[in-house]
Amino acid sequence: MAGGNQGLTTSDKRPMAETFQLQIVTPEKKVVETRAEQVQIPGKNGYLGILPGHAPLITELAVGEIKFRENSTDQLLAVAWGFAEVLPDKVTILAESAERPAEIDVDRARKAKDRAEQRLTSGDSSVDVDRALDSLHRADTRLDVAGKK
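Add 151 to the 1-based position in the sequence shown for my numbering, that's all there is to it.
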């Protein structure tokens, strides 16, 4: 039979799911609740690409961009810190913050970037450099995502 195993797992010969449940939640609200075809998330040690049937894992999130495909359309979010739980049929992301491009206050993000850059270049030894770098990365991410509206 031509293409007899196409789209089937090798272990049990059941069809692979084409989507998985994606849920992205912050302390304030549920940001996303949908079926997704794939998602890319900023893990602490780099980006992870997740497809339906992915092996289970839990990872810490970094500041970055979440990109997911819903109904063949890519969606973006700026995210900062949190955790992701990946199961074969569900991905749950608990983030400190998650914003869609239209929700990002660009002026506020620019001001945050300027403040972080000023702290880093001030020469003041009392500046918490790690915190200023985190602020700069978060502001840059928010501006990048907002620019992709």
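Note that the Cβ used here is the ideal one computed from N, Cα and C, for glycine as well.
Using DSSP with H/G/I as helix, E/B as strand and the rest coil, what is THR243?
Locating residue 243 in the sequence shown gives position 92, counting from the first residue. Strand at THR243.
May I ask you to list the residues that DSSP assigns as paired with ALA249?
By 1-based counting over the sequence shown, the position of residue 249 is 98. Bridge partners of ALA249: VAL230.
How about PRO193 and VAL230: are their beta carbons less than 8 Å apart?
On the sequence shown, position 42 is the one that residue 193 refers to. On the sequence shown, position 79 is the one that residue 230 refers to. Result yes, Cβ atoms of PRO193 and VAL230 sit closer than 8 Å.
Meets three-Cβ-pair contact criterion under 8 Å: the region 172-189 and the region 240-250:
yes
In its own chain, which residues sit with a C-beta less than 7 Å from the C-beta of ARG350, not counting the 5 before and 5 after it?
Absent from the model: residue 350. The displayed extent of the chain is 152 to 300, so no value can be given.
How would you label LEU212, buried or exposed, when you count the other beta carbons within 10 angstroms and need 16 or more for buried?
Along the sequence shown, one-based indexing puts residue 212 at 61. Buried.
How far does the alpha helix (DSSP H) with LEU212 in it extend, from its first residue to its last?
As a first step, residue 212 must be located in the sequence shown, where it is residue number 61. Taken as a continuous stretch (DSSP letters only), LEU212 belongs to no alpha helix (DSSP H), being part of the beta strand (DSSP E) at 208-212.
So, for ILE209: in the same chain, excluding its five sequence neighbours on each side, which residues have a beta-carbon less than 8 Å away from its beta-carbon?
As a working note, residue 209 is residue 58 in the sequence shown. Excluding residues within five positions, the ones whose Cβ falls inside 8 Å are PHE234, ALA235, GLU236 and VAL237.
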